[in-house]
Amino acid sequence: MQNFNSYTKQKWNSLYPADINPISSEQLDRLKAFNDQIDVTDVQQVYLPLVYLLNLTVNSQRQAEITRAEFLQEQPLHIPFIVGISGSVAVGKSTTARLLQYLCETLLPNRKTQSLTTDGFLYPNQVLKQRGLLASKGFPASYDMPALIEFLKQVKSGAQQVQAPVYSHQSYDIIPDQHVTINNPDILILEGINTLQLPADQNVFISDFTDFSIYIDADTSLIKQWYLNRFQQLRKTAFTDPNNYFNQYAKYDLETALMMAVKTWKTINLPNLERYILPTRPRANLIIHKGEQHRIDRLYLRQY
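Numbering (full-length UniProt numbering), first residue to last: 1 to 304.
Set out below in structure tokens:
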């Protein structure tokens with residue numbers, strides 16, 4: 001991959017061979033996303049070196065901010081360091097975000113860490129219906145990108161409190177009058193399929209606001225299988241709730257439900273991946289590639 005240094009998991013681990021185990025298997029099970037696969041070995045070999053690299057990068061940025069403030073004869077502002085996490089649906093972005101937050105809080109206790117998903121910046125379903133975009137939910141046009149850009153501007157201006165909307169996977173919609181507050185943390189982990197995209201009608205990338213970006217990668221055939229596996233598991237669990245937006249899938253027989261899931265993959269998730277998500281991969285600072293069973297097999301660190 002051009003402009004990237006390639007590392008096996010073992011080579012990556014050798015960059016920071018820490019002999020510590022900051023998380024138990026039980027804790028890891030609670031953190032990982034539905035139907036995701038990760039074990040303590042991945043934490044030690046991949047995520048510990050990553051947290052170490054992030055800490056070095058945060059320190060470097062802080063020093064640069066202090067130096068700039070001294071030159072301008074100003075007081076340095078406390079600006080959050082934003083870590084962006086991108087990749088396809090069902091590839092494991094949420095697990096990476098939650099695990100990174102846990103490890104930063106555990107290993108870097110003097111740094112305040114918060115996380116946020118860009119799902120909260122999807123337009124409400126009513127707006128999507130009015131614009132004929134409900135069937136294209138997840139595509140760039142379905143997001144309120146001006147609101148997301150404004151949110152990031154406020155965070156990067158050093159604002160003490162910035163609010164973001166909250167999205168419910170239960171109702172498949174924005175929760176009215178509910179917000180999450182970002183309180184000027186040292187590290188903000190921003191997770192979403194669009195964290196590396198260029199918004200339509202905007203002259204700024206979301207990645208312009210991120211200080212370190214991670215792309216979770218895998219072969220498309222594997223992602224499709226993970227998506228369908230997750231769908232089948234959700235059909236037996238969350239979808240059985242009568243209040244769940246996708247409750248109808250639990251009522252169909254398995255063959256019919258799977259046909260509908262495959263159609264969703266072909267008409268929504270795959271085109272979104274090929275047109276809008278995968279082309280952003282070269283913008284990432286780090287690409288984490290997964291093979292069978294979500295096992296990390298290679299990492300790519302951008303050179304410049």
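Here a beta-carbon is modelled for each residue, glycine too, at the ideal position from N, C-alpha and C.
Exercise. Check Ser14 in the structure and name its three-state DSSP category.
Key: Three-state result, Ser14: helix.
Quiz item: According to DSSP, is Gly87 helix, strand or coil?
Solution: Residue state, collapsed to three classes: strand.
Self-check item: Residue from Tyr304, Arg295, Gln303 and Arg302 with nearest C-alpha to Tyr47
Solution: Out of Tyr304, Arg295, Gln303 and Arg302, the CA that lies nearest to the CA of Tyr47 is found in Arg295.
Quiz prompt | 8 Å contact criterion, which Ser98 and Leu31 should meet: CB distance rounded | solution = First, the amino acid is wrong: residue 98 is Arg here, not Ser. Correct: roughly 5 Å between the Cβ atoms.
Quiz prompt | Straight-line gap, Val89 to Pro17 (C-alpha atoms, nearest Å) | solution = Each residue's alpha carbon lies about 31 Å from the other.
Quiz item: By how many angstroms is the C-alpha of Val155 removed from the C-alpha of Gly120?
Solution: In this structure, the CA atom of Gly120 is about 16 Å from the CA atom of Val155.
Quiz item: Closer than 8 Å, CB to CB, is Tyr52 near chain D or not?
Solution: No chain D is part of this structure, which consists of one protein chain only.
Quiz item: Can you tell me whether DSSP reads Pro271 as helix, strand or coil?
Solution: Helix.
Exercise. May I have a chain-ordered list of the alpha helix (DSSP H) segments no shorter than 4 residues that lie completely inside the region 29-111?
Key: The DSSP assignment places 48-72 and 93-107 as complete runs of the alpha helix (DSSP H) inside the region 29-111, in order along the chain (cut-off: 4 residues).
Quiz item: So Lys266 is in the beta strand (DSSP E); what residue range does that whole segment cover?
Solution: Taken as a continuous stretch (DSSP letters only), Lys266 belongs to no beta strand (DSSP E), as it is neither H nor E.
Self-check item: Member of Tyr249, Asp253 and Tyr276 whose CA lies at the smallest distance from the CA of Thr264
Solution: Nearest in C-alpha terms to Thr264, of all of Tyr249, Asp253 and Tyr276, is Tyr249.
Quiz prompt | Contact the region 78-86 vs the region 178-190: 3+ CB pairs below 8 Å | solution = The region 78-86, when compared against the region 178-190, does touch it at the 8 Å Cβ threshold.
Quiz prompt | Beta-carbon gap between Tyr172 and Ser142 smaller than 8 Å | solution = If you check the CB distance, Tyr172 and Ser142 do not come in under 8 Å.
Quiz item: Taking DSSP as the reference, what is the three-state secondary structure of Asp173?
Solution: If DSSP states are grouped into helix, strand and coil, Asp173 belongs with the strands.
Self-check item: Element boundaries [beta strand (DSSP E), containing Gln163]
Solution: Secondary structure note for Gln163: its beta strand (DSSP E) is the uninterrupted segment Val162 to Ser168.
Self-check item: Span of the alpha helix (DSSP H), counted from its first residue to its last, around Tyr227
Solution: Thr220 to Lys236 is the extent of the alpha helix (DSSP H) around Tyr227.
Quiz item: DSSP beta-bridge partners for His289?
Solution: DSSP lists Asp217 and Arg298 as partners of His289.
Quiz item: Which first and last residues belong to the beta strand (DSSP E) in which Ile20 is found?
Solution: Going by DSSP, Ile20 is part of no beta strand (DSSP E) at all; its letter is neither H nor E.
Exercise. List the residues that DSSP assigns as beta-bridge partners of Asn5.
Key: Its beta-bridge partners are Leu301.
Quiz item: Closest by CA to residue 323, which one among Phe231, Leu103, Ala147 and Asn247?
Solution: Nothing can be reported for residue 323: it is not among the residues displayed for the chain, which extend from 1 to 304.
Quiz item: Looking at the structure shown, is Phe246 part of a helix, part of a strand, or coil, going by DSSP?
Solution: Three-state result, Phe246: coil.
Quiz item: Who does Thr117 pair with in a DSSP beta bridge?
Solution: Glu191, per the DSSP bridge assignment.
Quiz item: In chain order, what residues of the same chain have a beta carbon less than 7 Å from the beta carbon of Asn55, not counting five sequence neighbours either side?
Solution: Listed in chain order, the non-local C-beta contacts of Asn55 below 7 Å within the same chain comprise Leu108, local neighbours out to five positions each way being set aside.
Exercise. Determine the DSSP secondary structure at Thr210, reduced to helix, strand or coil.
Key: The answer is coil: DSSP assigns Thr210 none of H, G, I, E or B.
Quiz item: When DSSP builds the beta bridges, which residues end up paired with Ile182?
Solution: Paired residues: Val162.
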